[in-house]
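Okay, structure first, notes after.
Number of protein chains: 2
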Amino acid sequence: MRELMAVIKALADENRVRILLSLHAQELCVCQIVELLRLAPSTVSKHVAILKQAGLVSTRKEARWVFCRLADGDAPAAAKEMTAVLSRLLTDDSQRRADTKRLKQILKMDRDELCRRQNGC
Amino acid sequence: MRELMAVIKALADENRVRILLSLHAQELCVCQIVELLRLAPSTVSKHVAILKQAGLVSTRKEARWVFCRLADGDAPAAAKEMTAVLSRLLTDDSQRRADTKRLKQILKMDRDELCRRQNGC
DNA sequence: TTGCCATTTCGCCAAATATCGAAATGGTAT
DNA sequence: ATACCATTTCGATATTTGGCGAAATGGCAA
Chain A
1 MRELMAVIKA LADENRVRIL LSLHAQELCV CQIVELLRLA PSTVSKHVAI
51 LKQAGLVSTR KEARWVFCRL ADGDAPAAAK EMTAVLSRLL TDDSQRRADT
101 KRLKQILKMD RDELCRRQNG C
Chain B
1001 MRELMAVIKA LADENRVRIL LSLHAQELCV CQIVELLRLA PSTVSKHVAI
1051 LKQAGLVSTR KEARWVFCRL ADGDAPAAAK EMTAVLSRLL TDDSQRRADT
1101 KRLKQILKMD RDELCRRQNG C
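Each protein sequence line maps, in turn, to chains A and B.
What the first sequence shows, in our numbering, is residues 1 to 121, in sequence order.
What the second sequence shows, in our numbering, is residues 1001 to 1121, in sequence order.
Here it is in structure tokens:
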């Protein structure tokens, strides 16, 4: 129960659901998620931490960046199950489609440029 | 998305999840749920309203009582899907078992007596 | 070592939420 | 009609949560 509640609470925020969905196609670094959601880096960092805590997402460091991806095999059953259900229920969601489209643009941008802009302002 | 978020938020509270699970075997009147969760009637009423709003639960009036049951056929897809997943993931949950057991006792009690006690104190 | 810089942590604020008790509601039964 | 009484609504309060900016962190690269 405790475990499942952590998963549900992690998903009880639209921005975190958007993060989860955007990770279906490929992994993303934090600065790319910042760009997608247009939130402060510290805010996104917290959201990712909550998703990680719930076992929905895992991360790896590469150079200066932290990359996020959907949790794999050893994720708790609740996390895997809910990830699958969410993706299924939101297959044709307009917000999801918009995010997917915007993500294509973001992935074309230079990550250095992206980070500089986020830090610079 | 809006619809799904309503469902997830409705489930992002352990007491509401317990209500949902307890309705799998049979319908319950509000005073029986009050007894199960040991919360104030007004609090339970609000929880039920939230579950109803999300399409997870529906209610009917009979005499002085309001009976709650799981939403049926015309419930939104997200609600049906999540109800099924929750039940599956929590099949062997200890809290759920404890609630099921206690519920057996509560169902044996006289509803008039139950309500009198809840109102009387 | 030293500096750089993406990310995280911290401290704060505003908004949302869970809970309660008191008062309102509305259907039953007298 | 009237009174009763389970439930709901309302108002208040305490806790949690989402958000930001500033400062800390920690890994690369010079």
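Glycine included, C-beta positions come from ideal geometry on N, C-alpha and C.
All values reported here derive from a predicted model rather than from experimental measurement.
- Interface flag for lysine 1009 (chain B) against chain A is set, since a Cβ pair is found closer than 8 Å.
- The C-alpha of alanine 1071 (chain B) lies about 42 Å from the C-alpha of cysteine 31 (chain A).
- Here aspartate 99 (chain A) is not near leucine 20 (chain A), since their CB atoms are 8 Å or more apart.
- Closest option to leucine 56 (chain A), judged by alpha-carbon separation, among A:Ala84, A:Arg96, A:Arg102, A:Ile106: A:Ala84.
- Taking the CA atoms as reference points, aspartate 1013 (chain B) sits about 13 Å from leucine 1037 (chain B).
- For the stretch 62-94 of chain A, residues whose beta-carbon sits nearer than 8 Å to a beta-carbon of chain B comprise Ala77, Ala78, Glu81, Met82, Val85, Leu86, Arg88, Leu89, Leu90, Asp93, Ser94.
- Under the Cβ criterion of 8 Å, leucine 4 (chain A) is counted among the residues facing chain B.
- Residue pairing by DSSP places valine 57 (chain A) opposite A:Leu70 in a beta bridge.
- Within a 10 Å sphere around the beta-carbon of histidine 47 (chain A) sit 16 or more other beta-carbons, which makes this residue buried.
- Residue state for leucine 28 (chain A) is assigned as strand, using DSSP reduced to three classes.
- When C-alpha distances from arginine 1018 (chain B) are compared across B:Glu1003, B:Leu1039, B:Gly1073, B:Glu1113, the shortest belongs to B:Leu1039.
- Spanning the alpha carbons of alanine 1075 (chain B) and valine 1007 (chain B) requires a straight line of approximately 11 Å.
- Glutamate 1014 (chain B) is not bridged by DSSP to any residue.
- For the options B:Met1005, B:Arg1016, B:Lys1009, B:Val1034, the alpha carbon positioned closest to that of arginine 1116 (chain B) is the one of B:Val1034.
- Per DSSP, the beta-bridge partners of glutamate 62 (chain A) are A:Trp65.
- Interface criterion met: the Cβ of alanine 12 (chain A) is under 8 Å from a Cβ in chain B.
- If you compare the alpha carbons of B:Leu1086, B:Leu1114, B:Leu1090, B:Met1082 with that of leucine 1004 (chain B), the shortest gap goes to B:Met1082.
- Taking arginine 96 (chain A) as the centre and dropping the five residues before and after it, the same chain places the C-beta of Leu21, Leu90 closer than 7 Å to its C-beta, in chain order.
- The C-beta of methionine 109 (chain A) comes no closer than 8 Å to any C-beta of chain B.
- The beta-carbon separation of arginine 2 (chain A) and isoleucine 50 (chain A), rounded to 15 Å, does not stay under the 8 Å limit for a contact.
- Secondary structure of methionine 1109 (chain B) (DSSP, three-state): coil.
- Comparing C-alpha distances from serine 58 (chain A) to each of A:Arg88, A:Leu11, A:Glu27 shows the shortest one belongs to A:Glu27.
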